[in-house]
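Q:
Number of protein chains: 2
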Amino acid sequence: MSAEAERKRPGRPRGASDTRERILKCARDLFARNGLDKTSIRAVAAAAGVDPALVHHYYGTKQQLFAAAIEAPVNPMEIIRSMQDTPVEELGHKLPSVIVPLWDSEAGQGFIATLRSLLAGSEVGLIRSFLQDVIATEIGPRVDNPPGTGRIRVQFVASQLVGIVVARYILELEPIRSLSAEQIVETIGPNLQRYLTGELPGLV
Amino acid sequence: MSAEAERKRPGRPRGASDTRERILKCARDLFARNGLDKTSIRAVAAAAGVDPALVHHYYGTKQQLFAAAIEAPVNPMEIIRSMQDTPVEELGHKLPSVIVPLWDSEAGQGFIATLRSLLAGSEVGLIRSFLQDVIATEIGPRVDNPPGTGRIRVQFVASQLVGIVVARYILELEPIRSLSAEQIVETIGPNLQRYLTGELPGLV
Numbered sequence: 001m002s003a004e005a006e007r008k009r010p011g012r013p014r015g016a017s018d019t020r021e022r023i024l025k026c027a028r029d030l031f032a033r034n035g036l037d038k039t040s041i042r043a044v045a046a047a048a049g050v051d052p053a054l055v056h057h058y059y060g061t062k063q064q065l066f067a068a069a070i071e072a073p074v075n076p077m078e079i080i081r082s083m084q085d086t087p088v089e090e091l092g093h094k095l096p097s098v099i100v101p102l103w104d105s106e107a108g109q110g111f112i113a114t115l116r117s118l119l120a121g122s123e124v125g126l127i128r129s130f131l132q133d134v135i136a137t138e139i140g141p142r143v144d145n146p147p148g149t150g151r152i153r154v155q156f157v158a159s160q161l162v163g164i165v166v167a168r169y170i171l172e173l174e175p176i177r178s179l180s181a182e183q184i185v186e187t188i189g190p191n192l193q194r195y196l197t198g199e200l201p202g203l204v
Numbered sequence: 001m002s003a004e005a006e007r008k009r010p011g012r013p014r015g016a017s018d019t020r021e022r023i024l025k026c027a028r029d030l031f032a033r034n035g036l037d038k039t040s041i042r043a044v045a046a047a048a049g050v051d052p053a054l055v056h057h058y059y060g061t062k063q064q065l066f067a068a069a070i071e072a073p074v075n076p077m078e079i080i081r082s083m084q085d086t087p088v089e090e091l092g093h094k095l096p097s098v099i100v101p102l103w104d105s106e107a108g109q110g111f112i113a114t115l116r117s118l119l120a121g122s123e124v125g126l127i128r129s130f131l132q133d134v135i136a137t138e139i140g141p142r143v144d145n146p147p148g149t150g151r152i153r154v155q156f157v158a159s160q161l162v163g164i165v166v167a168r169y170i171l172e173l174e175p176i177r178s179l180s181a182e183q184i185v186e187t188i189g190p191n192l193q194r195y196l197t198g199e200l201p202g203l204v
């Protein structure tokens with residue numbers, strides 16, 4: 001190998017990995033903004049300033065690119081586990097104070113994209129299963145008072161959280177979109193807490 | 001009538017219904033892009049290549065055209081008008097008690113379907129306009145305390161209502177899906193009321 005090639009070698013992988021990252025970032029942006037159906041490989045390639053063939057080369061089909069784009073930055077179970085020691089009376093505040101900043105982060109964009117596309121498609125069962133099997137099963141029993149209400153309490157919490165996702169990130173309603181994460185938490189926290197531990201006469 | 005005309009007849013109504021559909025599609029595009037306030041009947045007519053009088057003939061007022069565009073089972077302005085005499089302190093309960101049964105009705109299904117596809121696509125501006133131009137503009141001033149909070153109070157209300165649409169009709173979470181409309185109203189009503197007239201220290 002020539003000295004010339006030798007010098008270039010360390011640079012090549014780094015350049016390639018930058019490009020890969022850039023493609024993924026553009027894909028996240030476009031999927032989050034336009035959803036899965038209306039985002040083409042061609043559009044992602046254009047945004048990243050590369051040939052569509054390179055996008056295919058790195059990520060395969062659009063579905064595979066999407067799968068890569070939504071890779072959850074944090075394991076949901078880790079979040080749930082991190083609240084194991086939070087008293088139930090504080091969960092209404094704790095939950096959004098952990099989750100909203102995550103959604104606000106760049107990594108959170110993948111989740112928004114997923115939710116959007118799943119909401120429209122036939123794979124809506126993925127979110128349902130996530131909410132019913134993961135969230136309600138883990139947190140429900142902790143707020144199961146009166147007996148049998150745990151699951152539904154958590155579902156009302158989920159409904160408000162999903163509503164914030166839609167209003168803040170998908171519809172981008174102003175001023176909800178520009179509030180700080182803390183302002184969102186302060187505003188919805190007491191309502192989530194009521195769902196978790198308040199009197200819900202309608203459900204008994 | 002000649003055999004010729006006889007054969008053509010079944011085609012004529014189809015032509016009219018094509019025009020109707022084209023007008024509605026153009027209206028959707030324009031409402032989504034420019035919002036309700038900045039879209040005129042004249043602009044919709046121009047985009048569809050028809051006379052404004054024809055748009056009025058098919059769809060009535062701009063508000064009614066908008067209602068058709070979002071497949072609302074009832075003109076939203078009529079719902080809002082029906083709450084004009086409801087004291088602000090009762091709106092949190094009144095609002096869902098009017099809206100949830102509508103969503104539950106067969107006519108509501110078209111609206112849910114539209115919402116679903118709008119959430120996923122690039123025409124998300126249609127819902128944004130509905131919430132910002134119609135709901136926040138009409139109800140916001142009634143709950144504007146402290147000054148400047150009216151719009152955002154209504155947006156938090158909207159976030160919870162949208163969350164119910166997602167949980168109950170799109171994700172079909174059980175048991176939220178099987179609750180009666182009254183149970184939904186009893187459960188979310190106090191939370192909506194807090195958004196409308198409660199202390200929201202995070203926002204001041």
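Sequence lines, in order, name chains Y and V. For what it's worth, UniProt numbering labels the leading residue of the first sequence as 1, then goes sequentially. For what it's worth, UniProt numbering labels the leading residue of the second sequence as 1, then goes sequentially. Every residue gets a Cβ at the ideal spot worked out from N, C-alpha and C, and that includes glycine. Quick caveat: nothing in here was measured; it's all calculated off a predicted structure.
At a Cβ threshold of 8 Å, is Gly15 of chain V touching chain Y?
A: no
Q: For Asp37 of chain Y, return the contacting residues in chain V, with the cut-off set at a CB-CB distance below 8 Å.
A: Ala120 and Gly121
Q: Using a C-beta to C-beta distance shorter than 9 Å, which residues of chain V count as neighbours of Asn145 of chain Y?
A: The premise fails here: Asn145 of chain Y is roughly 15 Å from chain V at the closest Cβ pair, so nothing lies under 9 Å.
Q: Of the choices V:Asp37, V:Arg28, V:Gly35 and V:Ala113, whose alpha-carbon is the least far from that of Glu47 of chain V?
A: According to the sequence provided, residue 47 of chain V is Ala. The question's Glu does not apply to it. With distances taken between Cα atoms, Ala47 of chain V lies closest to V:Arg28.
Q: Does Ile135 of chain V come within less than 8 Å of chain Y when only Cβ atoms are used?
A: Closer than 8 Å: no.
Q: Name the chain V residues whose beta carbon is nearer than 8 Å to that of Ser117 of chain Y?
A: Ala120
Q: Counting C-beta neighbours from all protein chains within 10 Å, is the total for Asn145 of chain V 16 or more, i.e. buried, or is it exposed?
A: exposed
Q: Can you list, in chain order, the residues of the segment 79-103 of chain Y whose Cβ is nearer than 7 Å to any Cβ on chain V?
A: none
Q: Starting from the beta carbon of Gln155 of chain V, find every residue of chain Y whose beta carbon is closer than 8 Å, and list them in chain order.
A: Within chain Y, the residues near Gln155 of chain V are Ala167, Leu173, Pro175 and Ile176.
Q: With burial defined as no fewer than 16 other Cβ atoms inside 10 Å of the residue's Cβ, what is the status of Arg177 of chain V: buried or exposed?
A: So Arg177 of chain V ends up on the exposed side.
Q: Would Ala32 of chain V and Asp37 of chain Y qualify as a contact pair, given that the criterion is a beta-carbon distance under 8 Å?
A: no
Q: Say whether chain Y places a C-beta atom closer than 8 Å to the C-beta of Gly140 of chain V.
A: Answer no: the Cβ-Cβ gap between Gly140 of chain V and chain Y never drops below 8 Å.
Q: Taking the alpha-carbon positions, what's the residue 207 of chain V to Ile79 of chain V distance?
A: Residue 207 of chain V lies beyond the residue range present for chain V, which begins at 1 and ends at 204; the question has no answer from this structure.
Q: For Ala69 of chain Y, which residues of its own chain have a beta-carbon under 8 Å away from its beta-carbon, when the five flanking residues on both sides are left out?
A: Leu24, Ala27, Arg28, Phe31, Gly110 and Ala113
Q: Anything in chain Y within Cβ reach of Ile127 of chain V, meaning under 8 Å, just list it in chain order.
A: Leu171
Q: Is there a Cβ from chain V that is less than 8 Å from the Cβ of residue 215 of chain Y?
A: With chain Y represented from 1 up to 204, any question about residue 215 of chain Y goes unanswered, as that position is not in the structure.
Q: Using a Cβ-Cβ cut-off of 8 Å, state whether Glu186 of chain Y counts as contacting chain V.
A: Contacts with chain V at 8 Å (Cβ-Cβ) include Glu186 of chain Y.
Q: Who are the neighbours of Arg28 of chain Y on chain V, taking C-beta pairs under 8 Å?
A: Within chain V, no residue comes near Arg28 of chain Y; the closest Cβ sits about 16 Å away, beyond 8 Å.
Q: Could you name the residues of the segment 41-60 of chain Y whose beta carbon sits closer than 7 Å to any beta carbon of chain V, in the order they occur along the chain?
A: none
Q: Please classify Glu6 of chain V as buried or exposed, where buried requires at least 16 other C-beta atoms within 10 Å of its C-beta.
A: Confidence is the limiting factor: at Glu6 of chain V the pLDDT is only 41, short of 50, which leaves the residue's position unreliable and the question unanswerable from this model.
Q: Under 7 Å Cβ to Cβ from Ser129 of chain V, same chain only, skipping five residues before and after it: list those, please.
A: Phe31, Gly35 and Leu36
Q: Glu117 of chain Y: buried (16+ other C-beta within 10 angstroms of its C-beta) or exposed?
A: The sequence shown places Ser at residue 117 of chain Y, rather than the Glu named in the question. It counts as buried.
Q: What are the uninterrupted segments assigned as alpha helix (DSSP H) that are 4 or more residues long and contained completely in the segment 16-104 of chain V, given in chain order?
A: 41-48, 52-59, 62-69, 76-82 and 91-104
Q: Below 8 Å on the Cβ atoms is my guess for Val165 of chain Y versus Ser97 of chain Y; work out the distance and round it to an integer in Å.
A: The pair is not a contact, with the Cβ atoms about 16 Å apart (cut-off 8 Å).
Q: Quick one: using the 10 Å Cβ neighbour count with 16 as the cut-off for buried, is Ser159 of chain V buried or exposed?
A: buried
Q: When burial is assigned at 16 or more other CB atoms within 10 Å of the CB, is Glu123 of chain V buried or exposed?
A: buried
Q: Suppose you measure from the CA of Glu199 of chain V to the CA of Pro190 of chain Y; what does that come to, to the nearest Å?
A: 11 Å
Q: Please classify Thr61 of chain V as buried or exposed, where buried requires at least 16 other C-beta atoms within 10 Å of its C-beta.
A: exposed
Q: Step through the CB atoms of chain Y and report whether any lies within less than 8 Å of the CB of Ala67 of chain V.
A: With 8 Å as the cut-off, Ala67 of chain V does not count as an interface residue toward chain Y.
Q: Looking at the C-beta of Gln132 of chain V, does it have a partner C-beta in chain Y at a distance below 8 Å?
A: yes
Q: Just how far apart, CA to CA, sit Arg142 of chain V and Gly202 of chain V?
A: 20 Å
Q: Of the residues V:Pro52, V:Glu90, V:Ala107 and V:Leu115, which one's Cα is nearest the Cα of Pro73 of chain V?
A: Of the candidates V:Pro52, V:Glu90, V:Ala107 and V:Leu115, the one whose C-alpha sits nearest the C-alpha of Pro73 of chain V is V:Ala107.
Q: Distance check for Phe66 of chain V and Ser180 of chain V, CA to CA, integer angstroms please.
A: 29 Å
Q: Using a Cβ-Cβ cutoff of less than 7 Å, which residues in the same chain neighbour Ile135 of chain Y once the five nearest sequence positions on both sides are dropped?
A: Val154 and Ala158
Q: Give a yes or no on whether the minimum CB-CB distance between Ala158 of chain Y and chain V is below 8 Å.
A: yes
Q: Going by the beta-carbon positions, is the gap between Gly163 of chain Y and Val55 of chain V smaller than 8 Å?
A: no
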